[in-house]
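Per full-length UniProt numbering: the sequence shown = residues 1 to 444.
Reading through the C-alpha cells given below for one structure.
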Amino acid sequence: MSRKKPVQRILKLDEDDLQALCEAVDAAILDGGGFGWIQPQGRQVLARYFKGLLLVPERMLFAVRLDSVIVGCAQLVRAARNNEAQAMCVTLMHLFVAPYARKQGLGTLLLQEVENAARSMGYRVLNVDVPETQTAAIDLFRKAGFEQWGTHPHYARIGDQTVSGLFFTKLLDNARPATAEAPRMTQADVAPAEYTSSSSRPLTLYPAIDLKDGACVRLRRGEMEDATVYSDDPAAQARAWCNAGFKWLHAVDLNGAFAGQSANVPAVRAILEASTVPMQLGGGLRDMKAIASWLEAGVTRVILGSVAVKNPALVREACRAFPGRIVAGIDARSGHVATEGWAEVSDMQATELALRMQEAGVAAIIFTEISRDGMLEGLDLEQTVALANTVTIPVIASGGVGSIDHLAALRKAADQAPGIEGVIVGRALYDGRVSPAEALKVLA
C-alpha cells in the first residue's frame with residue numbers, strides 16, 4: 001500500500017480508516033480531548049456519526065495520519081447559505097490528535113492544512129472556540145496567529161465543574177471572495193503524463209457505459225445522431241472495466257434521458273449482474289418510483305439531471321429517502337444548464353444549480369461541459385475548478401478527456417480545488433488513447 005499524505009480532506013471512509021478514526025476519537029475523549037463527548041462512545045455510535053457527517057454539505061472533514069493511519073481530525077463548518085452576511089466566515093471545530101500520536105507536530109500540520117483549505121475556498125475569517133482546559137490546543141492556536149476576542153464563563157459543564165471557553169479568530173490573508181472566478185487554466189498548467197501530484201488524495205476514475213438501443217456508445221457533444229457504437233454487449237463491457245481495476249462504473253440510459261423514463265432496462269440489469277463494483281446510473285429518472293426501483297435493484301447511486309432543474313422538490317424528497325445515494329448531474333453549454341438529454345438549454349447558471357442541489361442534500365455533483373463531451377480535447381478545468389470551489393460536496397468532472405495528459409492536468413487542478421473527487425472517461429478508454437493502468441496510476 002502506498003504511503004498516504006499526512007493530512008487530507010476526507011470525502012469517503014473505508015473500513016480501515018473508519019476504525020482508526022473511531023479509535024482515535026475514543027482515546028481523545030478518555031484523555032479529556034474536548035471532542036464534545038465526555039464518555040467514550042464506541043465504534044457503532046462513532047461510525048454512524050462520521051458517516052452522517054460526510055453527508056452534511058456544510059461540513060468538511062480533515063484527517064491527520066501517522067504511518068498512514070488516521071490519528072486525528074478536524075472539521076470546517078460553513079455558515080448556512082441563507083446567512084449571506086457571514087458567508088466569508090468558516091468555523092474550525094473538533095480539532096484533535098489522539099494522545100498516542102502527540103508531540104510529533106501533527107496538530108500543527110492539521111491546522112495548517114485546514115487553514116489552507118479555507119483560504120483556497122475563498123473564506124476570509126476562520127473562527128474557533130475551545131474550553132479553557134485544552135491548554136495544548138490554546139497554545140497551538142495562539143502560535144498560529146489566532147487572536148482571542150472573548151471568553152464565555154459558562155462554556156461547558158463537565159461533571160460538577162463549570163468550564164470557561166475561549167473564542168479565537170484569524171483573518172486569512174490573500175483570500176479571494178468565495179464567489180470570485182477561479183483562475184483560468186492555460187496550456188502551461190497542463191502537467192505531462194509523468195506528473196505526480198504532491199497530494200496523495202486519490203481521484204476516482206468512472207469508466208462510462210452510455211447505453212443507446214441496448215449497445216454501448218459514445219456521443220459527440222451530446223448529439224444522439226452522432227454516436228459511435230463500441231460494444232453490443234454491455235455486460236461484457238462492465239466485466240472488462242471491473243477486471244481493469246476500476247472501482248466504480250458510470251452508466252447512462254441515453255434513450256431514457258430523452259424519453260423521460262428508463263428505456264434500456266435489460267442492458268442495465270445485465271450490467272448489474274456482471275459487475276463486481278458499485279455503479280451509478282442516470283438517464284430518465286424523473287419520479288420516486290423509478291429512483292427507488294433502481295436503488296432496490298442494486299444500483300448504488302442514481303443521477304438526477306433534468307429533474308434537478310424542473311422538479312427540485314423531488315430531489316429533496318429523494319435525498320431524504322435515500323441519503324448518500326443521490327447525485328446531481330449538471331450538464332452545461334457555456335455555463336448554462338442543459339436538460340432533456342441536453343436537447344434544451346436553460347437560463348440557469350451551473351453554479352446556481354449546484355448550490356441548490358447542495359442545499360437539497362445530494363451526495364455529489366457530476367459536471368459536464370457538453371461542448372467538450374466526446375471531443376477528446378480536454379476537460380473544462382476552469383469551470384470545474386470554479387464549481388468545486390463554490391460548493392462543499394464532491395464534484396466529479398466529465399466531458400473531453402482524450403489523453404493521459406488531460407487526467408494529469410485534472411490531478412494538478414484537484415490540488416487547488418479539494419472538492420474534485422473524480423472524473424468520468426468514455427471515448428478515450430474505448431479508443432485506447434488512455435490505458436486503464438496508466439490512468440489509475442496518474443489519478444492515484
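Glycine residues also receive a C-beta, built at the ideal position from the N, C-alpha and C atoms.
Open item on the list: Buried or exposed for residue 411, going by 16 or more other Cβ atoms inside 10 Å?
Closed with: buried
TODO: Report the rounded CA-to-CA distance for residue 400 versus residue 135, giving the unit in angstroms.
DONE: 52 angstroms
TODO: Within the same chain, show all residues whose beta-carbon is closer than 8 angstroms to that of residue 217, passing over the 5 residues directly before and after it, in chain order.
DONE: 210, 211, 227, 228, 229, 230, 254
- [ ] Determine, using beta-carbon pairs with one atom in the segment 102-111 and one in the segment 35-47, whether at least three such pairs fall under 8 angstroms.
- [x] no
Open item on the list: I'd like to check one pair, residue 384 with residue 358: are the Cβ atoms closer than 8 angstroms?
Closed with: no
TODO: Mark residue 262 as exposed unless 16 or more other C-beta atoms lie within 10 angstroms of its C-beta, in which case mark it buried.
DONE: buried
Task: Complete runs of the alpha helix (DSSP H) confined to the segment 373-444 [at least 4 residues] - done: 381-388, 404-416, 427-431, 436-443
TODO: Return helix, strand or coil for residue 55, following the three-state DSSP convention.
DONE: coil
Open item on the list: Less than 8 angstroms between the beta carbons of residue 315 and residue 326, yes or no?
Closed with: yes
TODO: Just confirm the distance between the C-beta atoms of residue 436 and residue 429, as a whole number of angstroms; I'd bet it's less than 8 angstroms.
DONE: 7 angstroms
TODO: Could you tell me the distance, in whole angstroms, from the CA atom of residue 72 to the CA atom of residue 130?
DONE: 16 angstroms
Open item on the list: For residue 113, list the residues DSSP reports as bridge partners.
Closed with: For residue 113, which the question treats as bridged, DSSP gives no partner whatsoever.
Task: C-beta atoms of residue 47 and residue 98 nearer than 8 angstroms - done: no
Task: Three-state class that DSSP yields for residue 104 in the structure shown - done: coil
Open item on the list: Is it buried or exposed, residue 154, if we count other Cβ atoms within 10 angstroms and call 16 or more buried?
Closed with: exposed
Open item on the list: Does residue 187 pass the burial test, meaning 16 or more other C-beta atoms within 10 Å, or should it be called exposed?
Closed with: Because the pLDDT of residue 187 is 32, which lies under 50, any placement of that residue in the model is unreliable, and the number read from its coordinates should be weighed accordingly. It is exposed - the Cβ of residue 187 has fewer than 16 other Cβ atoms within 10 Å.
Open item on the list: Applying the 10 Å Cβ sphere with the 16-neighbour rule, what's the burial state of residue 432?
Closed with: exposed
Open item on the list: Whole angstroms are fine: how far does the CA of residue 50 sit from the CA of residue 32?
Closed with: 20 angstroms
Task: Those runs of the beta strand (DSSP E) which lie wholly inside the segment 259-322 and span at least 3 residues - done: 279-282, 301-304
Task: Other residues of its chain near residue 149: CB distance less than 6 angstroms, five sequence neighbours each side excluded - done: 167, 169
Task: Buried versus exposed call for residue 305 [16 or more other C-beta atoms within 10 Å across all chains shown] - done: buried
TODO: Please go through the segment 134-181 and give each complete beta strand (DSSP E) segment of 3 or more residues, from N-terminal end onward.
DONE: 147-158, 161-171
Task: Proximity below 8 angstroms, CB of residue 123 to CB of residue 88 - done: yes
Task: Assigned exposure category for residue 157 - 16 Cβ within 10 Å defines buried - done: exposed
Task: Close-in-space but distant-in-sequence residues of the same chain around residue 319 (CB under 7 angstroms, 5 per side omitted) - done: 326, 360, 361, 362
TODO: Give a yes or no on whether the C-beta atoms belonging to residue 308 and residue 249 are separated by under 8 angstroms.
DONE: no
Task: Given residue 95 as reference, the closest of 85, 69, 67, 60 once Cα atoms are compared - done: 60
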